[in-house]
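A.B. asks: Residue numbers (this note's numbering): 55 to 160.
1. Let's see if you can read the secondary structure: which residues bound the alpha helix (DSSP H) around residue 54?
2. Taking Cβ to Cβ, would you say residue 96 is nearer than 8 Å to residue 130?
3. At a cut of 8 Å, does the stretch 99 to 108 reach the stretch 116 to 130 through at least three beta carbon pairs?
4. Between which two residues does the alpha helix (DSSP H) carrying residue 111 extend?
5. Looking at the secondary structure, which residues open and close the alpha helix (DSSP H) in which residue 64 lies?
6. Please report how far the alpha carbon of residue 144 lies from the alpha carbon of residue 138, in whole angstroms.
7. Do you know offhand how far residue 70's Cα is from residue 112's?
8. Is it buried or exposed, residue 122, if we count other Cβ atoms within 10 angstroms and call 16 or more buried?
9. Taking just the CA atoms, how far does residue 142 sit from residue 64?
10. State yes or no: is the C-beta of residue 108 within less than 8 Å of the C-beta of residue 120?
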């Protein structure tokens, strides 16, 4: 293993631990905005994957580029689906709160 690869692997492992610590400290009410922000970042990753796939010249890079585009697209779509479900949960709570006072007044 080269020294450069070892440095990159160490950086990756540290980033994973920092990410886990940061995400675990986020309050529940901020998960939806956090998902929206990460969806924007994943959109940028998708554009990068498209650019890499478009400039691929060897069969290996073409396959890897296509795989990157598929995985990035899946990530973006899945993020929007999860965000939509989270927002629907909040709408259900708000609708229930507005119905309760009307039911009590009758």
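Note that beta-carbon positions come from the ideal geometry of N, C-alpha and C, so glycine has one too.
C.D. replies: Per the coordinate set shown:
1. Within the shown structure, residues of the chain are numbered from 55 to 160, placing residue 54 beyond reach of any answer.
2. As a first step, residue 96 is located in the chain shown; it is residue number 42 there, counting from the start. As a first step, residue 130 is located in the chain shown; it is residue number 76 there, counting from the start. It is a contact, given that the beta carbons lie within the stated cut-off.
3. yes
4. Counting from one through the chain shown, the residue named residue 111 turns up at place 57. From DSSP, residue 111 is part of no alpha helix (DSSP H); its letter is neither H nor E.
5. Position 10 of the chain shown, counted from the first residue, corresponds to residue 64. Residue 64 -> alpha helix (DSSP H) spans 57 to 78.
6. For this step, residue 144 is matched to residue 90 along the chain shown. For this step, residue 138 is matched to residue 84 along the chain shown. One C-alpha to the other measures close to 10 Å.
7. The residue you call residue 70 lines up with position 16 of the chain shown. The residue you call residue 112 lines up with position 58 of the chain shown. C-alpha separation (whole angstroms): 31 Å.
8. For this step, residue 122 is matched to residue 68 along the chain shown. Residue 122 should be labelled buried.
9. Position 10 of the chain shown, counted from the start, is the residue given in the question as residue 64. Position 88 of the chain shown, counted from the start, is the residue given in the question as residue 142. About 40 Å.
10. As a first step, residue 108 is located in the chain shown; it is residue number 54 there, counting from the start. As a first step, residue 120 is located in the chain shown; it is residue number 66 there, counting from the start. In this structure, residue 120 does not lie closer than 8 Å to residue 108 by Cβ.
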